[in-house]
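Undergrad: Let me give you the structure first, and then I'll get to my questions.
2 protein chains.
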Amino acid sequence: MARGRITGRNEALAPLTIKELARLAGVSIGTVDRVLHQRGRVSAENTAKIEGLIAERGYKANVFASRLSAGRAYTVGVLMPRSEQDFGYWSAIEKGIRRMATELAPFQLTVHYQGFDRYDGADCARAFAELLRPPCDALALAPILNRVLGPLVDALPPDFPVVFFDTDMKCEHPHGFVGQDPFLGGQLAARLLALAVPAGLPLGLVRFEEDDQHLFQRALGFESRCSALGHPVIALPQTFAAPVEERRLEVARFLLTHPQLAGLFVPNANVGEYARLGPGLRLVGYDLTDPNVQALREGRIDMLISQRPETMGAEALRLLGRHLLFHEALPASITLPLDVVLPENLEGLL
Amino acid sequence: MARGRITGRNEALAPLTIKELARLAGVSIGTVDRVLHQRGRVSAENTAKIEGLIAERGYKANVFASRLSAGRAYTVGVLMPRSEQDFGYWSAIEKGIRRMATELAPFQLTVHYQGFDRYDGADCARAFAELLRPPCDALALAPILNRVLGPLVDALPPDFPVVFFDTDMKCEHPHGFVGQDPFLGGQLAARLLALAVPAGLPLGLVRFEEDDQHLFQRALGFESRCSALGHPVIALPQTFAAPVEERRLEVARFLLTHPQLAGLFVPNANVGEYARLGPGLRLVGYDLTDPNVQALREGRIDMLISQRPETMGAEALRLLGRHLLFHEALPASITLPLDVVLPENLEGLL
DNA sequence: CCCCAAGATGTGTACGTTACCGCATTTGCG
DNA sequence: CGCAAATGCGGTAACGTACACATCTTGGGG
Numbered sequence: 001m002a003r004g005r006i007t008g009r010n011e012a013l014a015p016l017t018i019k020e021l022a023r024l025a026g027v028s029i030g031t032v033d034r035v036l037h038q039r040g041r042v043s044a045e046n047t048a049k050i051e052g053l054i055a056e057r058g059y060k061a062n063v064f065a066s067r068l069s070a071g072r073a074y075t076v077g078v079l080m081p082r083s084e085q086d087f088g089y090w091s092a093i094e095k096g097i098r099r100m101a102t103e104l105a106p107f108q109l110t111v112h113y114q115g116f117d118r119y120d121g122a123d124c125a126r127a128f129a130e131l132l133r134p135p136c137d138a139l140a141l142a143p144i145l146n147r148v149l150g151p152l153v154d155a156l157p158p159d160f161p162v163v164f165f166d167t168d169m170k171c172e173h174p175h176g177f178v179g180q181d182p183f184l185g186g187q188l189a190a191r192l193l194a195l196a197v198p199a200g201l202p203l204g205l206v207r208f209e210e211d212d213q214h215l216f217q218r219a220l221g222f223e224s225r226c227s228a229l230g231h232p233v234i235a236l237p238q239t240f241a242a243p244v245e246e247r248r249l250e251v252a253r254f255l256l257t258h259p260q261l262a263g264l265f266v267p268n269a270n271v272g273e274y275a276r277l278g279p280g281l282r283l284v285g286y287d288l289t290d291p292n293v294q295a296l297r298e299g300r301i302d303m304l305i306s307q308r309p310e311t312m313g314a315e316a317l318r319l320l321g322r323h324l325l326f327h328e329a330l331p332a333s334i335t336l337p338l339d340v341v342l343p344e345n346l347e348g349l350l
Numbered sequence: 351m352a353r354g355r356i357t358g359r360n361e362a363l364a365p366l367t368i369k370e371l372a373r374l375a376g377v378s379i380g381t382v383d384r385v386l387h388q389r390g391r392v393s394a395e396n397t398a399k400i401e402g403l404i405a406e407r408g409y410k411a412n413v414f415a416s417r418l419s420a421g422r423a424y425t426v427g428v429l430m431p432r433s434e435q436d437f438g439y440w441s442a443i444e445k446g447i448r449r450m451a452t453e454l455a456p457f458q459l460t461v462h463y464q465g466f467d468r469y470d471g472a473d474c475a476r477a478f479a480e481l482l483r484p485p486c487d488a489l490a491l492a493p494i495l496n497r498v499l500g501p502l503v504d505a506l507p508p509d510f511p512v513v514f515f516d517t518d519m520k521c522e523h524p525h526g527f528v529g530q531d532p533f534l535g536g537q538l539a540a541r542l543l544a545l546a547v548p549a550g551l552p553l554g555l556v557r558f559e560e561d562d563q564h565l566f567q568r569a570l571g572f573e574s575r576c577s578a579l580g581h582p583v584i585a586l587p588q589t590f591a592a593p594v595e596e597r598r599l600e601v602a603r604f605l606l607t608h609p610q611l612a613g614l615f616v617p618n619a620n621v622g623e624y625a626r627l628g629p630g631l632r633l634v635g636y637d638l639t640d641p642n643v644q645a646l647r648e649g650r651i652d653m654l655i656s657q658r659p660e661t662m663g664a665e666a667l668r669l670l671g672r673h674l675l676f677h678e679a680l681p682a683s684i685t686l687p688l689d690v691v692l693p694e695n696l697e698g699l700l
């Protein structure tokens, strides 16, 4: 096995073309084309013969010729919360999307970008409608407001290509997904704190009221793993939509009344707000937002978990691009790895 | 900025073609073509006029038409140590290469794969020569044996596309690089152990004799960071090419004579061999080889640092593919992020 | 002054696929 | 049986680029 030739397609010095296929089948290229595109008007006999040849010789359309001939430009719509929301979490995703948009531009693929207010269903619906105005050949979206977006997506033509990112959403419409596993992320946080504090000491968990599946799953994962690793969990109860400053005081009080806590897990990007509240307290948070990066660099946060948002945006778009341009199967799912971020490997992840 | 259109090229409803360019310049497409490919035989006047138009209107060749017309298939050679060497470290890289080869196959790009014995310079030279037999349009290689490969690469035509992966090598020939930063990796290991053991306790470092820049840099990074974080380092001196089992005993003795050690860093994939040698000893190692993954799952290793070998192989090939197929700039460099691997995020990284 | 080389430019064809047109043949139906 | 509609099939013009070749222009040597 020292030497190998890797082609990924059936071996054939000169790739099989439509013309050759037509010659082999004793028909014209028009007939082969009709079989390939299932446009009908071909006798059962010829259809069988051609399909047999295709299966046997492994015909694959030449993507260059195909795209050149088809000639049309594609447009992909992208829908997600405004970049500035959630402590800038979305801006990294947008960056990845813009990067991939540039990468796909030479393939005549244009990206339409539309942000919405994640706390405003009407704005979300407006943005969706705006995006769908032709031309629009595919959609990548973060289904944060699933009650609004669910019915809208289900109303699309069944073969309309859709990819979700960040959050998955149950819906009838077939779709791809690019995101991470929040439950595992919570478990990872538990493991990190367990490594960083003496065995058996209790760990703190900050809860949030928001109706956010990610936060919920992360907390769940954290608790399950802590229990398995022998660390009791003390959770700060949820407060509904308290302002940041107030919430900060609340966490400070919580830590004062529980001095036995050796570590604290904040399952979202807010973690930067709670740095330095307890002396010697190990702090694990989520997301590479600017304030968090700063806090990590200065040692006010010990570790961060990241879901590589830039890659997420880029991959979502790449999936759609490859589907539109090269007919690759779409209902594909990508689970991004969970990054453990420390000051030393920060640079490579920005 | 709620709505954006992202195209990455100059706005123009119908993309600028050679034909249109010729019309604007008042010449034929042949003349434009000669200017584009710098084939000469065009008057200074026309050259200037056409180049002006290209700069002004931002002409980009249609990649599909370009590739279709050029018509030829490309062949890329890949050269690296045999998969089974280094505890299977290379097999993950090979896997990434095979994946990318499949992905690039529809673009008429064929990959020739050639493994060599990393301890045998003659075998390496043989493999290199074998690979270069036409057709061969580009080369991706792991320059492990730089004394052998350096001169060979420098002897290639100056515009022959070359990408190094895993290790970089100083050489005259322009080349891309895909790899990681071993110094930072060592620093990361220091940070991880510092988090996992009480402040100020000494940390152990296993040295290896091999003439391997990666190992050397990792050790250096580890020592520098430990010093900054206030942990003394006790290093096990190098032993030249001791067999695995003997080396294992040596490490065991080392740990017995240094019971004060709270953690141990093994800067390569051998780490699995040294699991469970000291009770309560925190163990940090390198690379997601099968034995290491197993040891991590079973808790015999606490943490692993990985350089995402599969991605490395894939990206090296992708770089060359994009260069050959779409004329993207080649002397590009990709530094892969350092992964901190724990049982909880293991799955996503395999 | 003519001829030829070299320079400058235009023309034509090929790449493989797509989509449409038109001709022949068959089918359906009153 | 006749005529329209449907079916089966071949032919061909794009798509934009690359490149070989034909054509036309110029200048210098004989």
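Keeping their order, the protein sequence lines are chains L and Z. Be aware that the first sequence starts at 1, since it is given in our numbering, and climbs by one per residue. Be aware that the second sequence starts at 351, since it is given in our numbering, and climbs by one per residue. Just so it is clear, CB atoms sit at the ideal spot from N, CA and C, and this is done for glycine as well. As the structure is a computational prediction, the values presented were derived from the model and not from experiment.
DSSP state of Leu627/Z, grouped into three classes?
TA: Residue state, collapsed to three classes: coil.
Undergrad: Spell out a yes or no on whether the region 581-598 of chain Z and the region 375-388 of chain Z are touching, meaning 3 or more CB-CB pairs, one atom from each, closer than 8 Å.
TA: Result no; under three Cβ-Cβ pairs closer than 8 Å.
Undergrad: Please classify Ser180/L: is it buried, with 16 or more other beta-carbons within 10 angstroms of its beta-carbon, or exposed?
TA: A quick correction: the sequence has Gln, not Ser, at residue 180/L. With 16 or more Cβ atoms within 10 Å of its Cβ, Gln180/L is classed as buried.
Undergrad: Hey, how far is the Cα of Thr158/L from the Cα of Pro151/L?
TA: Residue identity check: residue 158/L is Pro in the sequence provided, not Thr. In a straight line, the C-alpha of Pro158/L is about 13 Å away from that of Pro151/L.
Undergrad: Just to confirm the assignment, what range does the alpha helix (DSSP H) spanning Gln294/L have?
TA: Note, Gln294/L: alpha helix (DSSP H), Asp290 to Arg297.
Undergrad: Identify every residue that forms a DSSP beta bridge with Ser91/L.
TA: In the DSSP output, where bridge partners are listed per residue, Ser91/L has none listed.
Undergrad: Across the region 78-87 of chain L and the region 130-143 of chain L, are there enough close Cβ pairs to call them in contact, namely three or more that are closer than 8 Å?
TA: The region 78-87 of chain L is in contact with the region 130-143 of chain L.
Undergrad: For Val594/Z, I'd like the list of residues in its chain whose CB is within less than 7 Å of its CB, leaving aside the five on either flank, ordered along the chain.
TA: Within the same chain, Val594/Z has close Cβ partners Glu623.
Undergrad: Closer than 8 Å is the cut-off here; do at least three beta carbon pairs connect the region 411-420 of chain Z with the region 459-477 of chain Z?
TA: Counting Cβ pairs under 8 Å, fewer than three are found: no touch.
Undergrad: Distance check for Leu499/Z and Gln588/Z, CA to CA, integer angstroms please.
TA: Distance between the alpha carbons of Gln588/Z and Leu499/Z: 27 Å.
Undergrad: What do you get for Gln458/Z, buried or exposed, if any count of 16 or more other CB atoms within 10 angstroms of its CB means buried?
TA: The residue is buried, with at least 16 neighbouring Cβ atoms inside 10 Å.
Undergrad: Please tell me whether Gly526/Z and Gly613/Z are closer than 8 Å, where the distance is taken between their beta carbons.
TA: Cβ distance not < 8 Å, so Gly526/Z and Gly613/Z don't count as in contact.
Undergrad: Cβ of Phe326/L less than 8 Å from any chain Z Cβ?
TA: Judged by the 8 Å Cβ criterion, Phe326/L is in contact with chain Z.
Undergrad: Which ranges would you report for the alpha helix (DSSP H) in the region 137-212 of chain L if only whole runs of at least 4 residues count?
TA: Complete alpha helix (DSSP H) runs here, min 4: 146-154 and 182-196.
Undergrad: Which same chain residues, not among the five before or five after Ser378/Z, have their C-beta less than 8 Å away from its C-beta?
TA: Ala372.
Undergrad: How would you write the range of the alpha helix (DSSP H) that His673/Z sits in, first residue to last?
TA: Taken as a continuous stretch (DSSP letters only), the alpha helix (DSSP H) holding His673/Z covers Pro659 to Phe676.
Undergrad: Can a CB atom of chain Z be found closer than 8 Å to the CB of Thr141/L?
TA: The displayed chain sequence assigns Leu, not Thr, to residue 141/L. By this cut-off, Leu141/L is not an interface position.
Undergrad: Which whole-angstrom value describes the C-beta separation of Leu324/L and Pro134/L, a residue pair presumed to lie in contact below a C-beta threshold of 8 Å?
TA: Their Cβ separation, rounded to whole angstroms, is 15 Å, which puts Leu324/L and Pro134/L out of contact at 8 Å.
Undergrad: Under a Cβ-count criterion, where at least 16 other Cβ atoms within 10 Å of its own Cβ denotes burial, should Pro343/L be classed as buried or exposed?
TA: Classification for Pro343/L: buried.
Undergrad: Using a beta-carbon distance below 8 Å, is Ile443/Z in contact with chain L?
TA: Ile443/Z does not count as touching chain L.
Undergrad: If you draw a straight line from the C-alpha of Met312/L to the C-alpha of Gly380/Z, how long is it?
TA: Cα to Cα, the separation comes out at about 44 Å.
Undergrad: Within the chosen definition, does the region 649-660 of chain Z reach the region 685-692 of chain Z through at least 3 CB pairs nearer than 8 Å?
TA: Yes, since at least three Cβ pairs between the region 649-660 of chain Z and the region 685-692 of chain Z fall closer than 8 Å, the two stretches touch.
Undergrad: Classify Arg276/L: buried if its beta carbon has 16 or more other beta carbons within 10 angstroms, exposed otherwise.
TA: The residue is exposed, with fewer than 16 neighbouring Cβ atoms inside 10 Å.
Undergrad: Tell me whether the beta-carbon of Val643/Z lies closer than 8 Å to the beta-carbon of Leu696/Z.
TA: Taking 8 Å as the Cβ cut-off, Val643/Z and Leu696/Z qualify as a contacting pair.
Undergrad: For chain Z, find out if any of its Cβ atoms is closer than 8 Å to the Cβ of Phe164/L; answer yes or no.
TA: Judged by the 8 Å Cβ criterion, Phe164/L is not in contact with chain Z.
Undergrad: Give a yes or no on contact between the region 561-581 of chain Z and the region 535-548 of chain Z, applying the rule of three or more CB pairs nearer than 8 Å.
TA: The region 561-581 of chain Z vs the region 535-548 of chain Z: in contact.
Undergrad: List the residues of chain Z whose Cβ lies closer than 8 Å to the Cβ of Arg191/L, in chain order.
TA: Those within 8 Å of Arg191/L in chain Z are Leu692, Pro693 and Glu694.
Undergrad: Is the shortest distance between the beta-carbon of Tyr463/Z and the beta-carbons of chain L less than 8 Å?
TA: So yes, Tyr463/Z belongs to the interface.
Undergrad: Please identify, using Cβ separations under 7 Å, the residues of the region 31-51 of chain L that lie next to chain Z, in order along the chain.
TA: Answer set for the region 31-51 of chain L: empty.
Undergrad: Taking the straight line between their C-alpha atoms, what separation do you get for His84/L and Arg207/L?
TA: Inspection of the sequence shows that residue 84/L is occupied by Glu rather than by His. The alpha-carbon atoms of Glu84/L and Arg207/L are separated by roughly 23 Å.
Undergrad: What residue range does the alpha helix (DSSP H) around Ser416/Z cover?
TA: Here the alpha helix (DSSP H) through Ser416/Z covers Val413 to Ala420.
Undergrad: Using a Cβ-Cβ cutoff of less than 8 Å, which residues in the same chain neighbour Arg297/L once the five nearest sequence positions on both sides are dropped?
TA: Answer for Arg297/L: Pro343 and Leu346, listed in chain order.
Undergrad: Roughly how many angstroms lie between the CA atoms of Leu188/L and Pro182/L, to the nearest whole one?
TA: Cα to Cα, Leu188/L sits roughly 10 Å from Pro182/L.
Undergrad: Would Asp302/L pass as an interface residue toward chain Z - the criterion being a Cβ-Cβ separation below 8 Å?
TA: Chain Z, which has a Cβ nearer than 8 Å to the Cβ of Asp302/L, makes this yes.
Undergrad: If you run the structure through DSSP and keep just helix, strand and coil, what is Leu680/Z?
TA: Looking at Leu680/Z - three-state DSSP - the assignment turns out to be coil, as it is neither helix nor strand.
Undergrad: Excluding the 5 residues flanking Leu349/L on each side, which residues of the same chain have their C-beta closer than 8 Å to its C-beta?
TA: Leu288, Ser306, Arg308, Asp339 and Val341.
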